[in-house]
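Visitor: Quick note: the first sequence uses my numbering, first residue 6, plus one each step.
Beta carbons are placed, not taken as given, at the ideal position from N, Cα and C, and that holds for glycine.
This structure is a prediction, so every number in the text was calculated from the model and none was measured.
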Amino acid sequence: MEKIRTLRGFRDIFGEEMEKFRIIEDTSRHYFKLLGFNEIEIPALEKTELFTRSIGDATDIVEKEMFTFVDAGGDSLTLRPEATAGVVRFYLQEGMYVKERVSKLFTIGSMFRHERPQKGRFRQFHQIDVEVFGVSDPFIDAELLWLISLILDKLMLEGYSIEVNSVGCRVCRNGFRDKVVAYFETKRDMLCEDCLRRLERSPLRIFDCKKEGCIKATEESPFLFDSLCKDCNEHFDSFLDYLGQFKIKATLNKRLVRGLDYYTKTVFEVTSENLGAQKAFIAGGRYDNLVEEMGGPPIPGIGFAIGVERLSLITSARRPSEVPLTYLAYLGKDAKRYIVPILERFVSSGYRLFYSYEEKSLKSQMRYADSLNAEFVLILGEDEIKKNLIILRSMRGKWQKEVPLNPDSILKEVISSTL
RNA sequence: GUGGGUGUAGCUCAAUGGUUAGAGCACCAGGCUGUGGACCUGGGGGUUGAGGGUUCGAAACCCUUCACCCACCCCA
Numbered sequence: 006m007e008k009i010r011t012l013r014g015f016r017d018i019f020g021e022e023m024e025k026f027r028i029i030e031d032t033s034r035h036y037f038k039l040l041g042f043n044e045i046e047i048p049a050l051e052k053t054e055l056f057t058r059s060i061g062d063a064t065d066i067v068e069k070e071m072f073t074f075v076d077a078g079g080d081s082l083t084l085r086p087e088a089t090a091g092v093v094r095f096y097l098q099e100g101m102y103v104k105e106r107v108s109k110l111f112t113i114g115s116m117f118r119h120e121r122p123q124k125g126r127f128r129q130f131h132q133i134d135v136e137v138f139g140v141s142d143p144f145i146d147a148e149l150l151w152l153i154s155l156i157l158d159k160l161m162l163e164g165y166s167i168e169v170n171s172v173g174c175r176v177c178r179n180g181f182r183d184k185v186v187a188y189f190e191t192k193r194d195m196l197c198e199d200c201l202r203r204l205e206r207s208p209l210r211i212f213d214c215k216k217e218g219c220i221k222a223t224e225e226s227p228f229l230f231d232s233l234c235k236d237c238n239e240h241f242d243s244f245l246d247y248l249g250q251f252k253i254k255a256t257l258n259k260r261l262v263r264g265l266d267y268y269t270k271t272v273f274e275v276t277s278e279n280l281g282a283q284k285a286f287i288a289g290g291r292y293d294n295l296v297e298e299m300g301g302p303p304i305p306g307i308g309f310a311i312g313v314e315r316l317s318l319i320t321s322a323r324r325p326s327e328v329p330l331t332y333l334a335y336l337g338k339d340a341k342r343y344i345v346p347i348l349e350r351f352v353s354s355g356y357r358l359f360y361s362y363e364e365k366s367l368k369s370q371m372r373y374a375d376s377l378n379a380e381f382v383l384i385l386g387e388d389e390i391k392k393n394l395i396i397l398r399s400m401r402g403k404w405q406k407e408v409p410l411n412p413d414s415i416l417k418e419v420i421s422s423t424l
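1. Could you name the residues that DSSP lists as bridge partners for Met116?
2. So Thr112 and Ile45 are supposed to be a Cβ contact under 8 Å. How far apart are they, rounded?
3. Given a cut-off of 8 Å on the beta-carbon distance, is the pair Ala310 and Ile28 in contact?
4. Three-state secondary structure (DSSP) at Asn279?
5. For a quick check, are the C-beta atoms of Met71 and Thr83 less than 8 Å apart?
6. Go ahead and label Glu87 buried or exposed: buried means 16 or more other beta carbons lie within 10 angstroms of its beta carbon, across all protein chains shown.
7. Please say whether Cys177 and Cys237 have beta carbons closer to each other than 8 Å?
8. Using only alpha-carbon positions, find the residue among Lys235, Tyr188, Leu257 and Val313 that is nearest to Ala222.
9. Roughly how many angstroms lie between the CA atoms of Arg357 and Leu333, to the nearest whole one?
10. Assign Asn294 to one of three DSSP states: helix, strand, or coil.
11. From Trp151 to Ile287, what does the alpha carbon distance come to, in whole angstroms?
12. Can you check whether the CB of Arg350 is closer than 8 Å to the CB of Asp293?
13. Below 8 Å, can you find three or more Cβ-Cβ pairs linking the region 190-200 to the region 253-267?
14. Could you tell me whether the region 93-103 touches the region 39-55, where touching means 3 or more Cβ pairs closer than 8 Å?
15. Mind checking whether Thr32 and Ser166 have CB atoms under 8 Å apart?
16. So the candidates are Ser369, Lys368, Gly337 and Leu330; which of them puts its Cα closest to the Cα of Ser422?
17. Would you report the Cα separation of Ile211 and Phe74, rounded to the nearest angstrom?
18. Given 8 Å as the limit, is there contact between the region 294-303 and the region 118-132, that is, 3 or more CB pairs closer than that?
19. Tell me the DSSP bridge mates of Tyr335?
20. Round the Cβ separation of Leu280 and Ile344 to the nearest angstrom and send it over; I've been treating them as touching at under 8 Å.
21. Rounded to whole angstroms, what's the CA-CA distance from Glu387 to Gly20? Just pull it up for me.
22. Please state whether the Cβ-Cβ distance between Glu22 and Ser317 is less than 8 Å.
23. From the DSSP output, which residues share a beta bridge with Glu409?
24. Note down, one range per segment and in chain order, each alpha helix (DSSP H) of at least 4 residues found wholly within the region 21-64.
25. In chain order, what residues of the same chain lie with their CB nearer than 7 Å to the CB of Pro227, ignoring the 5 residues before and after it?
26. Please list, in chain order, all residues of the same chain as Tyr267 whose beta carbon is under 8 Å from its beta carbon, the five residues on each side excluded.
27. Taking all protein chains shown into account, decide if Ser376 is buried (16 or more other Cβ within 10 angstroms of its Cβ) or exposed.
28. Starting from Leu348 and walking both ways along the alpha helix (DSSP H), at which residues does that stretch end?
29. Using a Cβ-Cβ cutoff of less than 7 Å, which residues in the same chain neighbour Ala340 once the five nearest sequence positions on both sides are dropped?
30. From Arg315 to Met116, what does the alpha carbon distance come to, in whole angstroms?
31. Secondary structure at Glu163, three-state DSSP: helix, strand or coil?
32. Distance check for Gly114 and Lys69, CA to CA, integer angstroms please.
33. Please look up how many angstroms separate the CB atoms of Tyr247 and Pro143, rounded, as I've assumed it's under 8 Å.
34. Taking 8 Å as the threshold (C-beta atoms), are Phe230 and Ser171 in contact?
35. The alpha helix (DSSP H) that contains Ala374, what's its start and end?
36. Run through DSSP, which three-state label would Gly14 get?
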């Protein structure tokens, strides 16, 4: 019979990677709560229209990367490819803007994109998503980058860099689009096929192309950054000033654009050279028109997402050492009856006790204890039961001694031997 | 969606078209009948990703398909 395997791009997460996921999540939660963020959980499945309207129907994500299907009721549904759209829907559906003047939200979960898998890219992947509604002051833009750096520092991450840019608002973008198209029309022969296509549909994406010719073509081009309107310019300058107050080092990358249509003004990306081609592991930006475009009041927003798989690839964070492990080796059915009382005593005090379920030779049990990295082994056989005691052996210290056979004194002896 | 690479034991990998597909690690047992890591001996494990074809004979060659890895693209 054929073995059933995971779908392409879908994975089981376990062992060390699972531990890292938890560390990343716990660390993030810790700082989110300190800075006043509330956790929400939103559905993985939404109406397709939610994503086409927010992300933009000319984007790659919407055009070819969504898991979309028609359900039994005839509705077109989509597994979320990103979290912002759903969080905005939540924000409007619950009328959060009436309940509080500023909403700081975060959510953690799986996203789905139908892409070809490669290093750091899967069809089901995990994001830690942060969104702030109701703050137009650029202080929050800087605060979010500071929050990111707190998390990354706590995870002992080295060798990452933060790039920032401004993609302006509708006002500056409209004027700039014509300028850019006019410029690239003179450089047609240098552009790759994709970029010729982009020239028609979304010329700003040309700046993101990594082809040599296209990078060259952009060298003398006007940058949107240099044509920002007064308002956007002031916003960015004061964003940089706040970044300085938070002592965050970021480099300006005028080439940086985002693949989702809703971004305005501040955008940023955190990258690592240790990741291969998919080197951005955190990215985000401001979206001052999105809430209104989704049918709500004109409320500004800003947010970012952490790619958990990617961050987990580059962090060396380890969970601090656990409580010592004690292994109970028993010989015979009578001895086995002592597992329960000793186990209860250990667990109720927060200590770990492992044992074998089947009766095995002492040698086998000792080997097993060693492979589990147990600090102590308790040995209990007929002789010990007769004398009403148990042997406590230290695997590292290589000493052993006899201890009265009752749960309290056993645990007490383990605790005092741990130091 | 495009390109390149790879699929053999739980893991890492061998095997000129030619006997019954091997090794290391891991696992289990014994040596040591009640004491771990080293050593020795033995043991369990495989539809060689799947399906078809060529051949006296295929893990190997051809076709199809699936999966994994890397890159393009795109993005977290």
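Guide: Concretely, from the data shown:
1. DSSP, once it has assigned bridges, lists Phe130 as partnering Met116.
2. Contact between Thr112 and Ile45 is confirmed by a C-beta separation of about 5 Å, below the 8 Å threshold.
3. Contact flag unset, no.
4. Shown here, Asn279 sits in a helix according to DSSP, grouped into three states.
5. For the pair Met71 and Thr83, the CB atoms are nearer than the 8 Å cut-off.
6. The residue is buried, with at least 16 neighbouring Cβ atoms inside 10 Å.
7. Taking 8 Å as the Cβ cut-off, Cys237 and Cys177 qualify as a contacting pair.
8. Per the Cα distances, Tyr188.
9. If I take the Cα positions, the gap works out to 10 Å.
10. Reduced to three states, the DSSP call for Asn294 is coil.
11. Cα to Cα, Trp151 sits roughly 13 Å from Ile287.
12. No, Cβ-Cβ distance for Asp293 and Arg350 is not below 8 Å.
13. Taking 8 Å as the limit for Cβ pairs, the verdict is that the region 253-267 does not touch the region 190-200.
14. Put simply, the region 93-103 touches the region 39-55. At least three CB pairs are less than 8 Å apart.
15. Not in contact: Thr32 and Ser166 (Cβ atoms no closer than 8 Å).
16. Ranking Ser369, Lys368, Gly337 and Leu330 by Cα distance to Ser422 puts Leu330 first.
17. Going by the C-alpha atoms only, they are around 32 Å apart.
18. No: fewer than three Cβ pairs fall under 8 Å.
19. Note: Tyr335 sits in a beta bridge opposite Leu385.
20. About 47 Å separates the beta carbons of Leu280 and Ile344, which is beyond the 8 Å limit, so they are not a contact pair.
21. CA-CA distance, Glu387 to Gly20, rounds to 37 Å.
22. Yes, the pair counts as a contact, with Cβ atoms nearer than the cut-off.
23. The residue asked about is misnamed: residue 409 is Pro in this sequence, not Glu. Answer is Leu394, bridged to Pro409.
24. Counting whole runs of 4 or more residues, the region 21-64 contains the alpha helix (DSSP H) stretches 53-60.
25. If you ignore the 5 residues before and after Pro227, its C-beta comes within less than 7 Å of the C-beta of Lys184, Val185 and Tyr188, all in its own chain and listed in chain order.
26. Same-chain partners within the cutoff: Ser59, Ile60, Gly61, Thr89, Tyr292, Asn294, Leu295 and Glu298.
27. So Ser376 counts as exposed.
28. In the DSSP assignment, Leu348 falls within the unbroken alpha helix (DSSP H) covering Ile344 to Ser353.
29. Cβ contact annotation for Ala340 (same chain, cutoff 7 Å, sequence separation greater than five): Leu385, Gly386 and Ile390, in chain order.
30. Arg315 and Met116: Cα-Cα distance of roughly 14 Å.
31. Correct three-state label for Glu163: coil.
32. Straight-line Cα distance between these residues: approximately 22 Å.
33. Indeed, because the Cβ distance is near 6 Å, the residues count as touching under 8 Å.
34. Their beta carbons are under 8 Å apart, which means Ser171 touches Phe230 by this criterion.
35. Looking at the DSSP string, the run of the alpha helix (DSSP H) that includes Ala374 is Leu367 to Ser376.
36. Three-state DSSP puts Gly14 in coil, outside helix and strand.
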